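J.: Numbering-wise, the sequence shown is residues 3 to 148 according to this note's numbering.
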Amino acid sequence: DRQAEAARAEAEAAAAQGTDPRVTDSNIPEGSEAAAIPSELSIYFGYDEYEVEAKYNDLLSKHASYMMDNPEVSVRLEGNCDERGGREYNLALGSRRSESVKRALVGLGVNESRIESISFGKEKPIAFGNDEDSYKLNRRADFVYR
Numbered sequence: 003d004r005q006a007e008a009a010r011a012e013a014e015a016a017a018a019q020g021t022d023p024r025v026t027d028s029n030i031p032e033g034s035e036a037a038a039i040p041s042e043l044s045i046y047f048g049y050d051e052y053e054v055e056a057k058y059n060d061l062l063s064k065h066a067s068y069m070m071d072n073p074e075v076s077v078r079l080e081g082n083c084d085e086r087g088g089r090e091y092n093l094a095l096g097s098r099r100s101e102s103v104k105r106a107l108v109g110l111g112v113n114e115s116r117i118e119s120i121s122f123g124k125e126k127p128i129a130f131g132n133d134e135d136s137y138k139l140n141r142r143a144d145f146v147y148r
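(1) Residue range of the alpha helix (DSSP H) that ARG148 falls in?
(2) Just to confirm, are ASN82 and ASP133 a CB contact at a threshold of 8 Å?
(3) Would you check if the distance between the CB atom of ARG105 and the CB atom of ARG148 is smaller than 8 Å?
(4) DSSP on ASN132, reduced to helix/strand/coil?
(5) Go to SER102, then tell me how far its alpha helix (DSSP H) extends in each direction, as first and last residue.
(6) State buried or exposed for ASP71, treating a residue as buried only when at least 16 other CB atoms are found within 10 Å of its CB.
(7) Going by CA-CA distance only, name the one from GLU101, ALA66, GLU118 that's closest to PRO40.
Shown next, in the form of structure tokens:
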């Protein structure tokens, strides 16, 4: 529960500051401006859901604009799930999540060849608690720019 609380506090602090602790020198493409990358690098999903909610339209537009303004940049969309469900099921669900975000970006004009979508299923949690708050943080698709 402490790890879940720490992860939640870090995510809330990042949102309040408009930054994301996962934006590091290692995932900012060379020659790109860190400030130009949208500060939110995750889209979250409900339990057993994979369609992107309308509340993320503005964030998706920011990512699409960033990619169109930086034609040398590509992105890997990493689908993730909470720990509930079997390995194969969560890999498939994570894939549907990353593909859903990919479709949204393509719909906003980003060339499909610049977007890779993969799934980690439940293998890359950012919160380790066994409660709904932790599960919510793990049901996501992450943007990793290259």
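Quick reminder that beta carbons are idealized off the backbone N, C-alpha and C, glycines included. Given the structure is predicted, the values throughout are model-derived calculations rather than measurements.
T.: Taking the structure as given:
(1) Neither: ARG148 is in no alpha helix (DSSP H) and is coded neither H nor E.
(2) no
(3) no
(4) Here ASN132 sits in coil by DSSP.
(5) 89-109 is the span of the alpha helix (DSSP H), which, as asked, contains SER102.
(6) exposed
(7) ALA66
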